[in-house]
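Top line first, the protein sequences correspond to chains P and W.
With the working numbering applied, the first sequence covers 9 to 113.
With the working numbering applied, the second sequence covers 9 to 113.
Glycine included, C-beta positions come from ideal geometry on N, C-alpha and C.
Working notes, beginning with the structure itself.
2 protein chains.
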Amino acid sequence: MVYDYAGMVALADPTRRKVFELVAEEPRSVANLARTLPVSQPAISHHLKVLREARLVRAEPRGASNIYHVDPHGLGEMRAWLDQMWGNALDAFRNEINKAKERDQ
Amino acid sequence: MVYDYAGMVALADPTRRKVFELVAEEPRSVANLARTLPVSQPAISHHLKVLREARLVRAEPRGASNIYHVDPHGLGEMRAWLDQMWGNALDAFRNEINKAKERDQ
DNA sequence: CATAATCATAAACCATAACTTATGATAAAC
DNA sequence: GTTTATCATAAGTTATGGTTTATGATTATG
């Protein structure tokens, strides 16, 4: 797995999480997001850049606007990595339980 | 859903992620983690506190030691929340696709 | 009882990152 | 062609968070 955790970092910030959720709800322009959230337009642009580099969203130019959508591929990558991580964690946990049971016999 | 994202924040830091992975591999004491990783013992304690408050790990005193384990319940909560989040995101994405198709007919 | 080991917390420090204002570039509208 | 709207980037400030050293509390060890 070559996933680099960028998605975790991206979604760890509350403002950025809100941006993502709004974009996930329906595609939106930067201006729309800036109007909706209580931060400046450059702040929105910056958050979108982080989300973009984490492949959680994708920009699509429409005239002077940039419409942002979720990127299902990036989302899938992150999901796969997390599924594996806590799959491993839960497997290890089950092993511990079993070892403990054997000891107690 | 009342999940408060603490798990995302917890796993966004590389050191903390490493701590979690080591604990997930097998239960470990604070001293063991401090010996294994290139950070001080207080740093380890601090990271464990964040992971604990996110309910990703659980402490179990054994003499003077504190043995940390993964907490399957907290892990399950985070997983459920994420599954719902990107479930919603992917549903919304599919809706957009369908709307676009209808428009193009 | 004295010493050593384990751990959590507090204080201080520093790097990073989240914001703001300012600016320039591109595209639409008039 | 001028103006207006949209957006990204740069510079600078503030806030946050990860780290270390110092310390005290608790538990085992001799």
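For the stretch 88-108 of chain P against the stretch 60-71 of chain P, are there 3 or more C-beta pairs whose distance is under 8 Å?
-> no
Is the stretch 9-28 of chain W in contact with the stretch 27-43 of chain P, if contact means three or more CB pairs nearer than 8 Å?
-> At 8 Å Cβ cutoff, the stretches do not touch.
Say whether chain P places a C-beta atom closer than 8 Å to the C-beta of W:Glu34.
-> Yes, contact with chain P.
Excluding the 5 residues preceding and the 5 following W:Thr44 in the sequence, name in chain order all residues of the same chain whose CB lies nearer than 7 Å to its CB.
-> Leu30
What first and last residue would you give for the alpha helix (DSSP H) that runs through P:Val17?
-> 14-20
Three-state class that DSSP yields for P:Ser37 in the structure shown | strand
Runs of beta strand (DSSP E) wholly within the stretch 59-88 of chain P (minimum 3 residues, chain order) = 65-70, 73-78
State the Cα-Cα distance for the pair P:Asn177 and W:Ile105, rounded to the nearest angstrom.
-> Here chain P covers residues 9 to 113 and nothing more, so residue 177 of chain P does not appear.
Quick one: what's got a C-beta closer than 8 Å to W:His81's C-beta in the same chain, skipping five residues either side?
-> Arg63
Cα-Cα separation between P:Leu56 and W:Glu110, rounded to whole angstroms = In this structure, the CA atom of P:Leu56 is about 29 Å from the CA atom of W:Glu110.
Can you give me, in chain order, the residues of the stretch 86-101 of chain W that have a beta carbon less than 7 Å from any beta carbon in chain P?
-> Going along the stretch 86-101 of chain W in chain order, one finds Arg87, Leu90, Trp94, Asn96, Ala97, Leu98, Ala100, Phe101 with a Cβ nearer than 7 Å to chain P.
Under a three-way DSSP split, which group does P:Pro50 fall into?
-> helix
With a cut-off of 8 Å on the beta carbons, I'd call W:Ser73 and W:Ser48 a contact; round off their distance for me.
-> Not confirmed; about 17 Å, so no contact.
Verify the CB distance criterion: does W:Arg25 have a CB-CB separation below 8 Å to chain P?
-> yes
W:Gly95 to P:Glu85 span [Cα, whole Å] = Straight-line Cα distance between these residues: approximately 14 Å.
Could you please tell me which residues of the stretch 51-75 of chain P, in chain order, have their CB closer than 8 Å to any CB of chain W?
-> none
Whose C-beta lies closer than 7 Å to the C-beta of W:Asn103 among residues of the same chain, with five residues either side of it excluded?
-> none
Supposed contact pair W:Tyr76 and P:Arg25 - C-beta distance, whole angstroms, cut 8 Å = At roughly 27 Å, the Cβ-Cβ gap does not stay under 8 Å, so P:Arg25 and W:Tyr76 are not in contact.
Cβ of W:Leu45 less than 8 Å from any chain P Cβ?
-> no
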